[in-house]
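Student: Chain order of the listed sequences is A and B. So the first sequence is numbered by our numbering: it starts at 1356 and just counts up by one. So the second sequence is numbered by our numbering: it starts at 1356 and just counts up by one.
There are 2 protein chains.
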Amino acid sequence: MQSNLPHLQSTFTTDCVIFGFHEGELKVLLIERNEYPFKGWWALPGFFVEHNETIDDAVKRILYEHTGLTGIYMEQLYTFGGLKRHPQGRIITVAYYALLRLDDLKSRPVPITDFARQAVWHPLNDLPELAFDHRHIIDKSMAKVRRKISYSPIAFELLPEKFTLTQLQQLYEAIWGRKLDKRNFRKKMLNYNILKELPEFQRGVSYRAARLYRLDKRKYARVFQNEMTFSRETNG
Amino acid sequence: MQSNLPHLQSTFTTDCVIFGFHEGELKVLLIERNEYPFKGWWALPGFFVEHNETIDDAVKRILYEHTGLTGIYMEQLYTFGGLKRHPQGRIITVAYYALLRLDDLKSRPVPITDFARQAVWHPLNDLPELAFDHRHIIDKSMAKVRRKISYSPIAFELLPEKFTLTQLQQLYEAIWGRKLDKRNFRKKMLNYNILKELPEFQRGVSYRAARLYRLDKRKYARVFQNEMTFSRETNG
DNA sequence: ATATAGTGTGTATTTATTACACTATGGTCA
DNA sequence: TGACCATAGTGTAATAAATACACACTATAT
């Protein structure tokens, strides 16, 4: 290694697809851009990565600024580098997706940043037209999540700490876009032995209250290695 | 969109982990760098992406320059952006991996580029010390390939057009680092119905010649959608 | 002819997946 | 307080897939 090398600098952005789950529906957090290009358009939260921060840190920054939360589950998705994707020249973007317990947030107002006029949760199957190639990025994230929940317990990142089996099933159904059989789902899920049955029940419902479960962290870790295989049953 | 925006430029590299399979062993193509930084070190083939080429095209360029081949199977792996990974400042690299039929190449000499003193196939489990974070990139590629061969027929990209079932099994064994049962392997593989039995046999061996197979392209496509699930059997 | 080295085959057992329908419970409302 | 509503919660039989396991066959070389 030599010392008098030219100093190069790398300019790129990161965008984050933030997924939430509420009332049986998957949602994505979108901002309305308040700057050019694409001023006034809906877009994914994201911005330029600073020279002294890692990409992961930049994404954590996006997540914190838009949700006020830290420690959110996130994973790098793909890097998009199409020549035409950004009008200011070919700017690549390193896209991430994040999974969020939406109910943690429901009291909190979504903050407004300098770049965004507003930030709004949009149902995944009713998205507005989006800036850049952001629609494509969302589609690709969704494909990844759809596959990943069959071998890793990331689904729980979208649920509250305590949840019912029905909520869990609805989440799988929302992600896979397909109904699952209740008995088979419960049998299989409980067999993985990663859930802890709580001595608590749902409250405030006008029908029989369902039992609450929580993820058992110790067993969770073990399963993460072995990889579980959720079925691809086709019944309805 | 406005017109008089500043023009930004994005400087980044791409590196490619090129895998080959020969005589029951997985290999990676490494170059000996002929320029700073890390002059004289072993490294992954890769270089800066030009402003007018897509990332995929840059990788195709790497592949062509190092193998003389086009149409090689390749896939984006991950983007690495650690602050310390490059001595000339934080340069991100978009890493790809590629799978190559090594025997196509065996007559061809590996070409030398301006950047590389030589390019050599190294067995995966006996790698030299590598420049940058390239060791980490290789490990991550390998993990991806290891998972991906259980649900998609990428393994065939590493085999010659016509291959024996034993070769195919050895490839799975090399990637998974684990012995498989011959009868179970054949039964399952033939059941996917993606192989075409050829009226040809191995030649030049001093023992009973094995039958040759080839991938059936039509059925291959169908399987690619449905995703197959190779087992994770544990016997030895 | 025989030694060698790898090819090729079948079955029984266990485990996982699927299909399928009724009773239990808690809350609301008349 | 009893009827009603909406959802919770449960079991079994049939089918399919995964596993464990061992020996006879064949082409060639000597």
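Note that beta-carbon positions come from the ideal geometry of N, C-alpha and C, so glycine has one too.
1. With respect to the beta strand (DSSP E) encompassing residue 1551 of chain B, which residues constitute its N-terminal and C-terminal limits?
2. Just the Cα atoms here: how many angstroms apart are residue 1515 of chain A and residue 1527 of chain A?
3. Considering just the uninterrupted stretch of the beta strand (DSSP E) at residue 1531 of chain B, what are its terminal residues?
4. Helix, strand or coil, according to DSSP, for residue 1399 of chain B in the structure here?
5. How would you write the range of the beta strand (DSSP E) that residue 1469 of chain A sits in, first residue to last?
6. From residue 1410 of chain B to residue 1494 of chain A, what distance separates their C-alpha atoms?
7. Taking 7 Å as the cut-off, decide whether the C-beta atoms of residue 1373 of chain B and residue 1453 of chain B are in contact.
8. Considering only C-alpha positions, which residue in the set B:1375, B:1574 and B:1371 is nearest to residue 1530 of chain B?
9. Candidates A:1369, A:1550 and A:1556: which alpha carbon is nearest residue 1449 of chain A's?
10. Can you find the residues in the same chain that come closer than 6 Å, C-beta to C-beta, to residue 1555 of chain A, ignoring five residues on each side of it along the sequence?
11. Leaving aside the five residues before and after residue 1431 of chain A along the sequence, list all residues of the same chain whose C-beta is less than 7 Å from its C-beta, in chain order.
12. Count the other C-beta atoms from every protein chain shown that fall within 10 angstroms of the C-beta of residue 1400 of chain A, then say buried if there are 16 or more, exposed otherwise.
13. Tell me the rounded alpha-carbon separation between residue 1419 of chain B and residue 1456 of chain A.
14. Mind listing the chain A neighbours of residue 1438 of chain B? Cutoff is C-beta to C-beta under 8 Å, in chain order.
15. Does residue 1444 of chain B get closer than 7 Å to chain A when you measure Cβ to Cβ?
16. Just verifying my parser: in three-state terms, what is the DSSP assignment at residue 1370 of chain A?
17. Could you please give the first and the last residue of the uninterrupted beta strand (DSSP E) stretch that includes residue 1451 of chain A?
18. Please compile the residues from chain A whose C-beta is within a distance smaller than 8 Å of the C-beta of residue 1433 of chain B.
19. Spell out a yes or no on whether the segment 1481–1489 of chain B and the segment 1436–1447 of chain A are touching, meaning 3 or more CB-CB pairs, one atom from each, closer than 8 Å.
20. Here's a check: name, in chain order, each residue in its chain whose Cβ is nearer than 6 Å to the Cβ of residue 1440 of chain B, leaving out the five neighbours to either side.
21. Could you name the residues of the same chain whose beta carbon sits closer than 7 Å to that of residue 1398 of chain A, not counting the 5 residues immediately before and after it, in chain order?
22. Run through the DSSP bridge pairs and tell me what residue 1477 of chain A is partnered with.
23. Is residue 1551 of chain B closer than 7 Å to residue 1569 of chain B when the C-beta atoms are compared?
24. If you follow the alpha helix (DSSP H) that residue 1540 of chain B is part of, which residue opens it and which one closes it?
25. Counting contacts by CB-CB distance shorter than 7 Å, is residue 1362 of chain B in contact with chain A?
26. What separation, rounded to the nearest whole angstrom, lies between the Cα atoms of residue 1382 of chain A and residue 1417 of chain A?
27. Taking just the CA atoms, how far does residue 1502 of chain A sit from residue 1523 of chain B?
28. Comparing C-alpha positions only, which one of A:1565, A:1413, A:1513 and A:1458 sits nearest to residue 1402 of chain A?
29. Between residue 1366 of chain B and residue 1496 of chain A, is the Cβ-Cβ spacing less than 7 Å?
30. In the DSSP assignment, what residue or residues form a beta bridge with residue 1497 of chain B?
31. By the 10 Å Cβ neighbour count, where 16 or more other Cβ atoms means buried, how is residue 1508 of chain A classified, buried or exposed?
32. Can you give me the Cβ contacts of residue 1571 of chain A inside the same chain, cut-off strictly under 7 Å, excluding the 5 residues immediately before and after it?
33. Given a cut-off of 7 Å on the beta-carbon distance, is the pair residue 1538 of chain A and residue 1520 of chain A in contact?
34. Which same chain residues, not among the five before or five after residue 1433 of chain B, have their C-beta less than 7 Å away from its C-beta?
35. Going by CA-CA distance only, name the one from A:1575, A:1363, A:1543 and A:1378 that's closest to residue 1476 of chain A.
36. Suppose the cutoff is 6 Å on Cβ atoms and the five residues either side in sequence are ignored; what does the same chain contact list for residue 1392 of chain B look like?
Tutor: Based on what the coordinates show:
1. Note, residue 1551 of chain B: beta strand (DSSP E), 1550–1556.
2. Whole-angstrom Cα-Cα distance: 15 Å.
3. Looking at the DSSP string, residue 1531 of chain B is not in any beta strand (DSSP E); the run it does join, the alpha helix (DSSP H), is 1520–1531.
4. Residue state, collapsed to three classes: coil.
5. Note, residue 1469 of chain A: premise wrong, no beta strand (DSSP E); not H, not E.
6. If I take the Cα positions, the gap works out to 20 Å.
7. Yes, Cβ-Cβ distance for residue 1373 of chain B and residue 1453 of chain B is below 7 Å.
8. Ranking B:1375, B:1574 and B:1371 by Cα distance to residue 1530 of chain B puts B:1375 first.
9. Out of A:1369, A:1550 and A:1556, A:1369 has the C-alpha closest to the C-alpha of residue 1449 of chain A.
10. These residues qualify, in order along the chain: 1567.
11. So the list reads 1449 and 1451, once near-sequence residues are dropped.
12. Residue 1400 of chain A sits buried, since 16 or more C-beta atoms from the chains shown fall within 10 Å of its C-beta.
13. Their backbone Cα atoms lie some 46 Å apart in a straight line.
14. Chain A residues near residue 1438 of chain B: 1407, 1408 and 1409.
15. A Cβ of chain A is located within less than 7 Å of the beta carbon of residue 1444 of chain B.
16. Residue 1370 of chain A falls in the strand class under three-state DSSP.
17. 1448–1455 is the span of the beta strand (DSSP E), which, as asked, contains residue 1451 of chain A.
18. Ordered by position in chain A, the residues that pass the 8 Å Cβ test against residue 1433 of chain B are 1431.
19. Touching, no.
20. Same-chain partners within the cutoff: 1487 and 1488.
21. The residues are 1385, 1386, 1388, 1485, 1486, 1487 and 1489.
22. By DSSP's assignment, residue 1477 of chain A forms a beta bridge with A:1383.
23. Closer than 7 Å, so yes.
24. Run containing residue 1540 of chain B: 1537–1546, per the alpha helix (DSSP H) assignment.
25. Cβ-Cβ to chain A under 7 Å: yes for residue 1362 of chain B.
26. Answer to the nearest angstrom: the Cα atoms are 17 Å apart.
27. In a straight line, the C-alpha of residue 1523 of chain B is about 26 Å away from that of residue 1502 of chain A.
28. Residue 1402 of chain A has its Cα closest to that of A:1413, out of A:1565, A:1413, A:1513 and A:1458.
29. Judged by their CB atoms, residue 1366 of chain B and residue 1496 of chain A are not nearer to each other than the 7 Å cut-off.
30. Beta-bridge pairing by DSSP links residue 1497 of chain B to no other residue.
31. With 16 or more other CB atoms across the displayed protein chains lying within 10 angstroms of its CB, residue 1508 of chain A is buried.
32. Once the five neighbours on either side are set aside, the close Cβ partners of residue 1571 of chain A are 1549, 1550 and 1551.
33. No, they are not a contact pair.
34. Counting only Cβ-Cβ distances below 7 Å, and skipping sequence neighbours, we find 1450 and 1495.
35. Taking the Cα of residue 1476 of chain A as reference, the smallest distance to any Cα among A:1575, A:1363, A:1543 and A:1378 is reached at A:1378.
36. Within the same chain, residue 1392 of chain B has close Cβ partners 1442.
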